[in-house]
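Chains as they are written, first to last, in our numbering: chain L, 1 to 135; chain D, 136 to 799; chain G, 800 to 1023.
Ideal placement from N, C-alpha and C gives every residue a C-beta, glycine not left out.
What you are looking at is a predicted structure, and each value in this text was computed from that prediction instead of being measured.
These notes concern the structure reproduced below.
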């Protein structure tokens, strides 16, 4: 099989994931896109490992080992990422990435306070959601 | 111990006392008074021993060079001749008296520890000047005295007068010190050494090429330190300090340093006729002008300050006629009676609660309140007025006699013109001195009116010192004018008939005229009530004096002048009275000539800095600020925007790298 | 081209010799299968990142990840393929679905699924895809993978290499997983403690007890 097929597929998948990371609004969709990117890399690793194990007669199988590690790390990453998204959602009442603008210029050192006042408008709803979400 | 060791210990002991006083002042207040008085007493004893051993014979010289210091070596040198030995005795006597007096005078002052330590340091610096055989070491003592006088004059720094006076004293003396330093360097370069003995040797061999320039440069420093015209203006204002400080610094030691310095290097000055003439003119203007000003002052301490300037004028006059024996003789006797005058004035101010002569002349029985001050001050004033047989008579006659010697052509050392100037100015000043001494005595002790407030007896430490100092004022001149020439250059100091008769005559005339005027004007005293007394008469003397100085300006409109029609000085001086009270408006003149141009220059510089230089700076800051504003708009807080920009940049870089690597 | 030359030097002369015998216009069966599955995978991925229904995105992600597993199989890496199915399809996607539910993602079409950044994102993605594809094709268009013979990624081969050469990273990875486990628990428990301290009074008992244990379970499942 031509090595170009998996390599091109991997590049296209990677760029698709890249688009998702940059364009999606919901944090969980961004996490999905990150998974796509990781898988594209995995495909690359496996394809090149298969090619090298024959062509170069090397037996280290580093590509496959690294792919396994990537899978494990991706699993850990998705767990932590979801926990963070949930914590953000509990505190701010949203998981939209483009609304998390605490680092914006002009936000001032009293950022958390103004955030509280912002979310005060939807305080009862947010509180109910929090209680529900953490139960 | 050898004489050298003893002489080294004399300045060292007060220095150690000052260090210990500064270190222990906070932690062990009980040690402060012994640490102030005992080193002074010990160095007095040592100075007496040094003087006795030296005995007017050949000078004791010792020198050690610690380390090579460039082309002209600086040595820790000692040079004790008759002048140094006797001046050191005077300095230690006055310093001891002042330290003892201060324990009573500043009894309750919270800053007494630092005050006493500074007085000790000051004494040590003056003794260093006196004993030093190396001009650089002398300069160290010279400058330490300057800074100590700054601190001591500003002792009551709560009052604006004291702050201004301390700054003025420091700046004016420093103004003289700069040319002084340049002169020292020039002198050392030409002589090849800072050692006084070698310099004098070079002068004797004609090794100094520019004696006039060097002498004039040195004279500037001497004028600043010894308060000679035109740099004398700091001394009257320096009376804002405590009275013992005035006695120590501004009567006996610091101002004496300049005269003493010229006396040491007199052969150098003699090498230049121009310098001697300048010295004579300076002395004449100083003594006549200050005597006129003293006649118009209302503050008792300012009277004494102008009197000090005048007496220093006598000393520089004696130097101008090349008789340093007479100069140092007058320095010794003047040091004793002027210290006495200041200390007695401190007692009087304490007792009366005011420093104004106008207010004292309206107190009935001031002399009964302070009998010690009354009697000792009478002695000191007689000495000041040069009435025989008090010490001032002999020393002043020595000066006038020396001038007469020059006039009659008995000496080659000084130009005859200098002799005439000094002689005439000296006689005029003798008249005026007697006049203001009489006026001071009459106004202070012969006042009439309500009785002075009774604060009980003055502290024993203050009155005892007065009697100790009264002894040399009374007897020093008569007993010693035959002995002193052995210690000095050998020129006779005995009064000559002509000058004695002339001097005593004009002094008597001055006194009698003043008395008559006072009889005439004292009738007005009752009609114009005047008076301002301290608010806390029961406080210690230092507090009373500080309040008196602070209240004089508000009460009379000026710190030196009082609108008192019963003042005999007003009638005697006539239209001159007002300018004399203001020190002939020299301060105003200096303000117009120097201060205003400097201020205008400073404001010009400030304008240039604020408006011109800062415009460039601001302009340099504007562009980055605009850039910052533009960049700030990119900080949206949206992470996706950031990551997009990051990845776009990465792609561009990667493509560029690939293109570069493939050579496309 | 330099890149091709570099790749050529990395490979052996046999590769270039093989490449001459295999053209792109005469694909083998494996290649055709790979291409078809790849098209499906890529399509599913594109739908994942463009669909407006959030749950559908997760489901299309399953398709894409499953397609990738098939591609692994076609590349004879069978162990990785099954791990892919187990972990990604079995747990990660489930975890993502839980996350969607817990953040109350809207079910059905949500018009604002894409942020205002999408055109910039599209530009960046297209440019980087162009650059990557160009470089990859330029470098590896002649490289041939010989898939005959013993499979390169059987469980035996993978296990041997993993426990012979990669033991230390493998153990280190277990520490990482432990840290992730603890971190996930801390992140979710901390918020719970704060919430219990601050908002004790309003205790809405609307939701059933199911989501809480489910979330914890999925956390542990994800980190396993």
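Alpha-carbon to alpha-carbon, residue j and residue i
i	j	result
residue 557 of chain D	residue 708 of chain D	23 Å
residue 150 of chain D	residue 624 of chain D	31 Å
residue 570 of chain D	residue 267 of chain D	39 Å
residue 940 of chain G	residue 931 of chain G	13 Å
residue 503 of chain D	residue 658 of chain D	22 Å
residue 173 of chain D	residue 256 of chain D	14 Å
residue 891 of chain G	residue 795 of chain D	41 Å
residue 650 of chain D	residue 263 of chain D	44 Å
residue 89 of chain L	residue 893 of chain G	19 Å
residue 480 of chain D	residue 284 of chain D	20 Å
residue 758 of chain D	residue 751 of chain D	12 Å
residue 333 of chain D	residue 319 of chain D	14 Å
residue 329 of chain D	residue 211 of chain D	10 Å
residue 411 of chain D	residue 468 of chain D	24 Å
residue 270 of chain D	residue 754 of chain D	53 Å
residue 473 of chain D	residue 159 of chain D	32 Å
residue 493 of chain D	residue 645 of chain D	21 Å
residue 1 of chain L	residue 929 of chain G	23 Å
residue 778 of chain D	residue 765 of chain D	19 Å
residue 923 of chain G	residue 943 of chain G	31 Å
residue 42 of chain L	residue 763 of chain D	42 Å
residue 29 of chain L	residue 798 of chain D	40 Å
Coarse secondary structure for residue i, derived from DSSP in three states
i	result
residue 192 of chain D	coil
residue 987 of chain G	helix
residue 903 of chain G	coil
residue 292 of chain D	coil
residue 629 of chain D	coil
residue 769 of chain G	Shown here, chain G extends from 800 to 1023; a query on residue 769 of chain G therefore has no answer.
residue 197 of chain D	strand
residue 593 of chain D	coil
residue 26 of chain L	strand
residue 797 of chain D	helix
residue 852 of chain G	strand
residue 2 of chain L	strand
residue 937 of chain G	helix
Contact test: residue i Cβ vs the ligand MG heavy atom, cutoff 7 Å
i	result
residue 315 of chain D	Judged by which ligands are present, the structure shown has none, so any question about the ligand MG falls away.
Interface residues of chain B facing residue i [CB-CB closer than 8 Å]
i	result
residue 779 of chain D	The structure shown contains no chain B; its protein chains are L, D and G.
Alpha helix (DSSP H) segment containing residue i, residue limits
i	result
residue 226 of chain D	217-240
residue 209 of chain D	No alpha helix (DSSP H) holds residue 209 of chain D; DSSP gives it neither H nor E.
residue 449 of chain D	435-455
residue 751 of chain D	749-767
residue 559 of chain D	551-580
residue 383 of chain D	Taken as a continuous stretch (DSSP letters only), residue 383 of chain D belongs to no alpha helix (DSSP H), as it is neither H nor E.
residue 488 of chain D	First-last for residue 488 of chain D: undefined, no H or E at that position.
residue 73 of chain L	62-92
residue 397 of chain D	389-399
Pairing CB atoms from the segment 55-66 of chain L with CB atoms from the segment 949-962 of chain G, are three or more of them under 8 Å? Yes, since at least three Cβ pairs between the segment 55-66 of chain L and the segment 949-962 of chain G fall closer than 8 Å, the two stretches touch.
Counting pairs of Cβ atoms below 8 Å between the segment 518-536 of chain D and the segment 595-612 of chain D, do you hit three or more? The segment 595-612 of chain D and the segment 518-536 of chain D touch, with three or more beta-carbon pairs separated by less than 8 Å.
Touching by the beta-carbon criterion (3+ pairs, under 8 Å), the segment 394-406 of chain D and the segment 451-469 of chain D: The segment 394-406 of chain D, when compared against the segment 451-469 of chain D, does touch it at the 8 Å Cβ threshold.
Three CB pairs or more closer than 8 Å across the segment 36-54 of chain L and the segment 4-23 of chain L: With the cut-off at 8 Å, the segment 36-54 of chain L and the segment 4-23 of chain L touch.
What residues in the segment 870-882 of chain G bring their beta carbon closer than 7 Å to a beta carbon of chain L? With the criterion set as a beta carbon lying under 7 Å from some beta carbon of chain L, the members of the segment 870-882 of chain G are 870, 871, 874, 875, 876, 879, 882, in sequence order.
Going along the chain, which residues of the segment 925-937 of chain G sit with their C-beta nearer than 7 Å to a C-beta in chain D? Answer in chain order: 926, 927, 930, 934.
Determine, using beta-carbon pairs with one atom in the segment 332-351 of chain D and one in the segment 404-424 of chain D, whether at least three such pairs fall under 8 Å. Using a Cβ-Cβ distance cut-off of 8 Å, the segment 332-351 of chain D and the segment 404-424 of chain D are in contact, since at least three pairs of beta carbons, one from each stretch, lie closer than that value.
Would the segment 619-635 of chain D and the segment 491-506 of chain D be scored as touching if the rule is three or more Cβ pairs under 8 Å? Touching, no, given that fewer than three Cβ pairs across the two stretches are closer than 8 Å.
Mind checking the segment 90-103 of chain L against chain D and listing, in chain order, the residues whose C-beta falls within less than 8 Å of any C-beta there? Residues passing the 8 Å Cβ filter: 97, 98, 100, 101, 102, 103.
Is the segment 205-221 of chain D touching the segment 363-376 of chain D in the sense that three or more CB pairs, one from each, lie closer than 8 Å? These segments do not touch.
So, does the segment 246-253 of chain D touch the segment 155-162 of chain D, judging by three or more C-beta pairs under 8 Å? The segment 155-162 of chain D and the segment 246-253 of chain D touch, with three or more beta-carbon pairs separated by less than 8 Å.
Examine the Cβ distances between the segment 844-858 of chain G and the segment 906-922 of chain G and report whether three or more of them are shorter than 8 Å. Segments in contact, yes.
Quick one: any contact between the segment 868-883 of chain G and the segment 895-902 of chain G, if contact means 3 or more CB pairs under 8 Å? Result no; under three Cβ-Cβ pairs closer than 8 Å.
So if I threshold CB-CB distances at 8 Å, which residues from the segment 4-23 of chain L count as touching chain D? Answer set for the segment 4-23 of chain L: 18, 21, 22, 23.
Do three or more CB pairs link the segment 822-829 of chain G to the segment 851-862 of chain G at distances below 8 Å? Cβ pair count under 8 Å is below three, so no.
Is it the case that the segment 859-872 of chain G contacts the segment 833-844 of chain G, given that we only count it when at least three CB pairs across the two stretches are under 8 Å? Counting Cβ pairs under 8 Å, three or more are found: they touch.
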